[in-house]
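Some notes on the structure that comes next.
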Ligand SMILES: [Zn+2]
Ligand SMILES: [Zn+2]
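In my numbering, the protein residues as written are 1 to 346.
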């Protein structure tokens, strides 16, 4: 498709403007998707405020955004499975498909991945984006565009549940009840965990967790998390603890609250190095599992939402029109009006 489109372009920290740019051209194996909803992620905020995350630095003007849903408006001639008019979500990591990681199914570890909104690859705060056919998944009619744009964060939760081998026998603790912690909660339900405890510092987030599936919630600012979880489990500890907070204190607590033979799953990024007591990890034979984005969970995440087993809709607390994207970022940064997920309607 020829012509111009609106896109939100980050020039430098705190300087993002909506401007007209050329609609990107599709390659034969790609489709052009008209964006409908794009969620604001913590990583978008980090790039907006600091212009970098670890070694990823915004050097050229960049379009942020990766949690998206939309409608196909153009199809490359090599595309066989998709058609114009389909409502879709896009898995945002475009991988080589040839390296040992890709070939073994762990494509989220591909060293040459191009990820939406991660320098130098433009993201989805734009009217149109291109995507390779293999990354595009049609969504059923009963999944709204709002829910569609929640599939990406839910996929992170599904990956945590999958890699943590959460199952029907497991008591699970989720530390941190921001949007990712909530999606881990939803995924733990989908994977069959009968008991799920959720912690956070903010009561309103714990209210969401309690309302949408947590067995117990614990406010870590007023309660002793370790004592509370040990008493909830008759002194045994949980089978799986997932840290979705990135808080060094919470990460340290996982060692104390997991029972011998249990699993620790790390999803949240801590601000700096965290030290862990190896002399406690060894005799308990704990497994520590890091999570990097996701692989092979998008279809399951879509089915979980479509079937109602994962609840995502109530977490979308704010929707801003595209022209007000800066307001959306502001609400996220200052936590105005008890936000969970803020989306932009494009
Ligand atoms: Zn995200
Ligand atoms: Zn690869």
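Ideal Cβ placement from N, Cα and C applies to all residues, glycine included. Source: prediction; values computed, not measured.
Note that the C-beta distance between residue 155 and residue 244 is not below 8 Å.
Around the beta carbon of residue 200, 16 or more other beta carbons sit within 10 angstroms, so the residue counts as buried. A contact is defined here as three or more CB-CB pairs under 8 Å, and the stretch 320-327 meets this definition with respect to the stretch 5-21. Around the CB of residue 69, 16 or more other CB atoms lie within 10 Å, so the residue is classed as buried.
The residues 36, 37 and 69, in chain order, have a CB closer than 6 Å to that of residue 145 in the same chain once the five nearest residues on each side in sequence are set aside. Take the alpha-carbon of residue 3 and the one of residue 29: they are about 21 Å apart. Taking C-beta atoms under 8 Å as the contact rule, residue 109 and residue 292 qualify, at a distance of about 7 Å.
Within the stretch 54-126, the runs of alpha helix (DSSP H) that reach at least 4 residues and sit entirely inside it are, in chain order, 100-103. DSSP, read as helix, strand or coil, puts residue 217 in strand. Residues lining ligand 2 by the Cβ criterion, that is a Cβ closer than 5 Å to any of its heavy atoms, are 95, 96, 99, 102 and 110 in chain order. For residue 152, the Cβ falls inside the 7 Å cut-off from some heavy atom of ligand 1.
Selection 343, 157, 136 and 76 evaluated against residue 176 yields 157 as nearest (Cα-Cα). In terms of Cβ geometry, residue 149 and residue 39 form a close pair [threshold 8 Å].
Under the DSSP assignment, residue 334 falls in the alpha helix (DSSP H) whose first and last residues are 325-334.
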